[in-house]
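Visitor: My questions all concern the structure below.
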Amino acid sequence: MAMNTVASGGPALVRPTRTGLQKAMKRRSTIAFLMALPLIIIILALVIYPAGYALMLATLNKSMEEFVGLENFEFLFDRETFWMVVWQSCLFAGSAVIFKALIGFIVAHLVHNIPLKGQRKWRGMLLIPWVIPPAMSTLAWLWLFDSSYSAFNWILEGLGFERVLWLGEPGWARFSVILVNVWYGAPFFMIMYLAALKSVPEQLYEAAEIDGAGWWQRMWFITLPMMRNIIAITVLFSLIVTFANFDIVRVLTAGGPIDQTHVFATYSFKLGIESSDIPLGAAVSLFMFPLLGLAAIFILRDVTKRGNQT
Amino acid sequence: MTRSKLTRRGFVRRGSGAAAAGITAFNVRGAHAAGKLSMGFWDHWVPGANDTLTKLVNDWAAKEKVEVSIDYITSTGNKNLLTIAAEGQAKAGHDFLAFPTWYPADYARQLEPMDDVMGELVKKNGAVNATVEYLGKSGGKWIAVPAAPGSQMKPPCSRIDLMKQHAGIDVQAMYPAGAAPKADAWTWDTFLAAAEKCHKAGVPFGLPLGQTSDAVDWVGALFQAYGAQLANAKGEIVVKSDAVKQVLEYSKRLVQWLPQDVFSWDDGSNNRWLVSGRGALIMNPPSAWAVAKRDAPQIAQQLWTHGMPAGPKGRFAPFLPYFWGVWSFSKNKTAAKSLITALCQPAAIAQLVEASQGYDLPSFANLTTLKTWGEVEPPKGTLYHYPNPHSHQIQTIAAAPCPPKMANQIYTQATMTRMIARVTTQNESIDKTIDWAQKELQGFKRA
Chain A
560 MAMNTVASGG PALVRPTRTG LQKAMKRRST IAFLMALPLI IIILALVIYP
610 AGYALMLATL NKSMEEFVGL ENFEFLFDRE TFWMVVWQSC LFAGSAVIFK
660 ALIGFIVAHL VHNIPLKGQR KWRGMLLIPW VIPPAMSTLA WLWLFDSSYS
710 AFNWILEGLG FERVLWLGEP GWARFSVILV NVWYGAPFFM IMYLAALKSV
760 PEQLYEAAEI DGAGWWQRMW FITLPMMRNI IAITVLFSLI VTFANFDIVR
810 VLTAGGPIDQ THVFATYSFK LGIESSDIPL GAAVSLFMFP LLGLAAIFIL
860 RDVTKRGNQT
Chain B
18 MTRSKLTRRG FVRRGSGAAA AGITAFNVRG AHAAGKLSMG FWDHWVPGAN
68 DTLTKLVNDW AAKEKVEVSI DYITSTGNKN LLTIAAEGQA KAGHDFLAFP
118 TWYPADYARQ LEPMDDVMGE LVKKNGAVNA TVEYLGKSGG KWIAVPAAPG
168 SQMKPPCSRI DLMKQHAGID VQAMYPAGAA PKADAWTWDT FLAAAEKCHK
218 AGVPFGLPLG QTSDAVDWVG ALFQAYGAQL ANAKGEIVVK SDAVKQVLEY
268 SKRLVQWLPQ DVFSWDDGSN NRWLVSGRGA LIMNPPSAWA VAKRDAPQIA
318 QQLWTHGMPA GPKGRFAPFL PYFWGVWSFS KNKTAAKSLI TALCQPAAIA
368 QLVEASQGYD LPSFANLTTL KTWGEVEPPK GTLYHYPNPH SHQIQTIAAA
418 PCPPKMANQI YTQATMTRMI ARVTTQNESI DKTIDWAQKE LQGFKRA
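Sequence order for the protein chains is A and B. Count along the first sequence from 1, then add 559; that gives the number in our numbering. Count along the second sequence from 1, then add 17; that gives the number in our numbering.
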């Protein structure tokens, strides 16, 4: 090994020469990179590669032999059914997220006001819809909605009302898939909002009360501002998950009647797997990306802005 | 482990001789001397049917010294389609798979030609019908072999008592057990009148009109009975025709006599409709009868499977064959072909049909009169006419004869049932619906 000799008044100090690799290993940035490497590999393998592959598939022709550029997208833009799916996906995700947020918010407040002793039981019970695998719970809903044999229609008929075609009439079918999604997703909002509520300092409410603030003012000027970031991130997360929902629609209606409950994921499956047109299916699924990207940019920008202000 | 490397010529030479003796054979000895073979079969609905298939495979494997590995892949949730797509993309997986109806054509370029196997089988078992050729051949070559397990027809399964009582139709007299049908009067017009009478009696026909296979199949047969094509054999769009208008008019009249919720029915809804005793007729393979036999024997005693009604252009019955296709990337194509040949021998097919209680249908002409269909009960002879023993009807598939890749789109996207839904539930004019269909069909022509 080469040695460096340092001339000085005392005995010569001999220090080992560092190789390039050793130097690199000493750098903080290298250590940071190495520590992040497992995550980078996971993201490359499970996010970047599948996304790139989907992008590549979406640019091929039906028999996957030729590169056709953006022709698959052009083709979709010309289809009435595709635009119906875009509208339905937005309706499904938008209305489901609004109701989930609203119900989650209300239930979180109700649970928050329960004495601590009994709160755990309620929290556990309210989380049940969220922890049951949705494909399984949706099957139970399917039986409840079955227009010929369902409990709902049995009750309605018992009360003297007409049977409802829950899954056979487009309006009711849309209502049904949104309802099940709200039922499944509201507990997630509830638990997130409950955590946010618990982090609001009690002193703020006490001070407001001394100042004579009413319930609505406390809610508007303290609770909501303190929860804004959690609300925004929860809404974004739920929007992404709801937009990409597959199992609920697939099990309940499979996109029917007359395609009027299809969302991006189910339509993509219909085209890609069932109709053996994988490139077109990939193009449909990729269409979610810019929509969700836009939503993420706006919501996260808002969150960051508020973070910088505080 | 030693792997046998038989050439295709060698296989055919041996296969030809062995076929005459009843089964093909390798002359390779030693434990698993002929290598490994993995296969993915369709997971059968009928309990016990898989066991018989496993036994047949194991018997062959023991004789031919091949190490086999079997996976039964369910069609629930389209798991089988996902497997096909994944293996096709990865170019790895099983040596051969069970391909439903349209899928051999979709993967034609990745499937091993099977002309040698089919040549022998047709010689021995008789010809196959035109629908099997349409689905199993590509570019004039066989790319897959029609498999008995999973192959099915979806003819009417009627309640003997309700049809007699309310519609005045004796289905047993029309389709007597053990004899040729006497069904000249059984037309789609008779069917419509019977549907009306049964609806008024509170036991409507249970015909699904959603976007699943059971709905598309009977509607496809109805379209063909009226000569109504959406696209012809050359792939030209011919939806703007009087025949299509006529069949849509007919559908409007029929739909009013069906349960209101048929547009949301799945493939299980019609079975439940019949087994629960709420309807007088459905169109289905004998699975509904088999469930009734287990769960509602008093209903099963009144069920009779028979032929389809005839239309102006003939009597068409929905037929959905399954195929066994060998991947071109398979490492043991010779063994795969040998096994498929063994599983298509008359004795093996008879066992498979027996194990499936008559559900499975061989596609070969000489094998439509196996004793199972004549003997299963109750009532005796209930399935006699299921395999079309008197060639009384034309076995077909919805959207045929247009090129399979385009037909697959029409079938899986349920263009025909959606047309009916538009003119009935949406009150859209027939002309507007045809315009909509025309545009959809143009999209299906993508190469």
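Think of the CB as a built atom: it goes at the ideal place given N, C-alpha and C, for glycine as much as any other residue.
What are the residues in the segment 728 to 742 of chain A lying within 9 Å of chain B by C-beta distance?
Guide: Listed by position, the residues of the segment 728 to 742 of chain A near chain B (Cβ gap below 9 Å) are E728, P729 and A732.
Visitor: Q412 of chain B by DSSP, collapsed to three states: which one?
Guide: Q412 of chain B: strand per DSSP, three-state reduction.
Visitor: Determine, using beta carbons only, whether P693 of chain A comes closer than 7 Å to chain B.
Guide: Not one chain B Cβ lies under 7 Å of P693 of chain A.
Visitor: Rounded C-beta distance between D123 of chain B and K462 of chain B? I'm assuming under 8 Å.
Guide: So it is not a contact: roughly 15 Å between Cβ atoms.
Visitor: Mind listing the chain B neighbours of F634 of chain A? Cutoff is C-beta to C-beta under 8 Å, in chain order.
Guide: Within 8 Å Cβ-Cβ: G460 and R463.
Visitor: Can you tell me whether DSSP reads D88 of chain B as helix, strand or coil?
Guide: Note: D88 of chain B maps to strand in three-state DSSP.
Visitor: Got a sec? Which residues, its chain only, sit under 6 Å from A431 of chain B by beta carbon, not counting five neighbours each side?
Guide: So the list reads Q228 and V233, once near-sequence residues are dropped.
Visitor: Measure from the C-beta of M170 of chain B to each C-beta in chain A and report whether the shortest distance is under 7 Å.
Guide: Chain A contact via Cβ: absent.
Visitor: Pull up the distance between the alpha-carbon of G105 of chain B and that of D284 of chain B, whole angstroms please.
Guide: Looking at the two C-alpha atoms, the distance is approximately 27 Å.
Visitor: Could you check the C-alpha separation between L859 of chain A and T589 of chain A for me, to the nearest Å?
Guide: In a straight line, the C-alpha of L859 of chain A is about 29 Å away from that of T589 of chain A.
Visitor: Looking only at C-alpha atoms, which of B:Q263, B:A164 and B:A196 sits nearest to I366 of chain B?
Guide: Among B:Q263, B:A164 and B:A196, the Cα nearest to that of I366 of chain B belongs to B:A164.
Visitor: State buried or exposed for L605 of chain A, treating a residue as buried only when at least 16 other CB atoms are found within 10 Å of its CB.
Guide: The residue is exposed, with fewer than 16 neighbouring Cβ atoms inside 10 Å.
Visitor: Please specify which runs of the alpha helix (DSSP H), each continuous and at least 4 residues long, are wholly inside the segment 345 to 401 of chain B, giving them in chain order.
Guide: The qualifying runs are 350 to 360, 363 to 372 and 388 to 392.
Visitor: For a test of your reading of the model: does the CB of G579 of chain A fall under 6 Å from any non-hydrogen atom of the ligand NAP? Yes or no.
Guide: Within the structure as shown, the ligand NAP is missing, as the structure has no ligands at all.
Visitor: What residue does the beta strand (DSSP E) around M300 of chain B start on, and which one ends it?
Guide: From DSSP, the beta strand (DSSP E) with M300 of chain B extends over L298 to M300.
Visitor: Applying a beta-carbon distance threshold of less than 8 Å, which residues of chain A neighbour R176 of chain B?
Guide: Those do not exist, as R176 of chain B stays about 17 Å from chain A at its closest Cβ, beyond 8 Å.
Visitor: Return no unless some Cβ of chain B is closer than 7 Å to the Cβ of R860 of chain A.
Guide: By this cut-off, R860 of chain A is not an interface position.
Visitor: Roughly how many angstroms separate the alpha carbons of R46 of chain B and N425 of chain B, rounded to a whole number?
Guide: Confidence at R46 of chain B is low in this model, with a pLDDT of 49, below 50, so its placement is unreliable and no value can be given for it.
Visitor: Apart from the five residues just before and just after K449 of chain B, which ones in its own chain have a Cβ nearer than 7 Å to its Cβ?
Guide: Once the five neighbours on either side are set aside, K449 of chain B has no close Cβ partner at all.
Visitor: Is W159 of chain B closer than 7 Å to M135 of chain B when the C-beta atoms are compared?
Guide: In this structure, W159 of chain B lies closer than 7 Å to M135 of chain B by Cβ.
Visitor: Hey, how far is the Cα of F626 of chain A from the Cα of G219 of chain B?
Guide: Their backbone Cα atoms lie some 57 Å apart in a straight line.
Visitor: Determine the chain A residues that contact N444 of chain B at a beta-carbon separation under 8 Å, and present them in chain order.
Guide: Those within 8 Å of N444 of chain B in chain A number zero; the least Cβ separation is about 12 Å.
Visitor: Given this structure, state the Cα-to-Cα distance separating I817 of chain A from A438 of chain B, to the nearest angstrom.
Guide: Their Cα atoms are separated by approximately 7 Å.
Visitor: Taking the alpha carbon of V644 of chain A as the point to measure from, which residue in A:L830, A:A854 and A:F592 has its own alpha carbon closest?
Guide: It is A:L830 whose Cα lies nearest to the Cα of V644 of chain A.
Visitor: Out of B:F280, B:W321 and B:L271, which one is the CA nearest neighbour of V292 of chain B?
Guide: For the residues B:F280, B:W321 and B:L271, the minimum Cα distance to V292 of chain B belongs to B:W321.
Visitor: Out of B:G244, B:N75, B:K257 and B:Y192, which has the shortest C-alpha to C-alpha gap to E84 of chain B?
Guide: Considering only alpha carbons, the answer is B:N75.
Visitor: Could you check how far apart the C-beta atoms of L114 of chain B and T91 of chain B are, in whole angstroms? I think they sit under 8 Å.
Guide: Contact flag wrong, Cβ pair sits at about 13 Å.
Visitor: Nearest by alpha-carbon distance to G94 of chain B: which of A:A591, A:I601 and A:A694 is it?
Guide: The option with the nearest alpha carbon to G94 of chain B is A:A694.
Visitor: Taking only three categories from DSSP, how would you classify W453 of chain B?
Guide: Here W453 of chain B sits in helix by DSSP.
Visitor: Please return the same chain residues whose Cβ sits closer than 6 Å to the Cβ of Q819 of chain A, not counting the five positions on each side in sequence.
Guide: Once the five neighbours on either side are set aside, the close Cβ partners of Q819 of chain A are P729.
Visitor: With a CB to CB cut of under 7 Å and the five nearest residues on each side skipped, what residues in its chain are close to P396 of chain B?
Guide: For P396 of chain B, where only same-chain residues beyond five positions count, the Cβ hits under 7 Å are Q318.
Visitor: In the segment 274 to 296 of chain B, which residues sit with their C-beta less than 9 Å from some C-beta in chain A, listed in chain order?
Guide: The residues in question are P276, Q277, D278, V279, F280, S281, W282, D283, S286, R289, W290, S293 and R295.
Visitor: Residues of chain B with a CB under 8 Å from the CB of T812 of chain A: which are they?
Guide: Residues of chain B passing the Cβ test: S281.
Visitor: Would D770 of chain A be called buried (16 or more neighbouring beta carbons within 10 Å of its own) or exposed?
Guide: Under this definition D770 of chain A is an exposed residue.
Visitor: Taking S373 of chain B as the reference, which of B:G331, B:F240, B:P276 and B:L70 has the closest Cα?
Guide: It is B:L70 whose Cα lies nearest to the Cα of S373 of chain B.
Visitor: Are the C-beta of G57 of chain B and some C-beta of chain A separated by less than 7 Å?
Guide: Cβ-Cβ to chain A under 7 Å: no for G57 of chain B.
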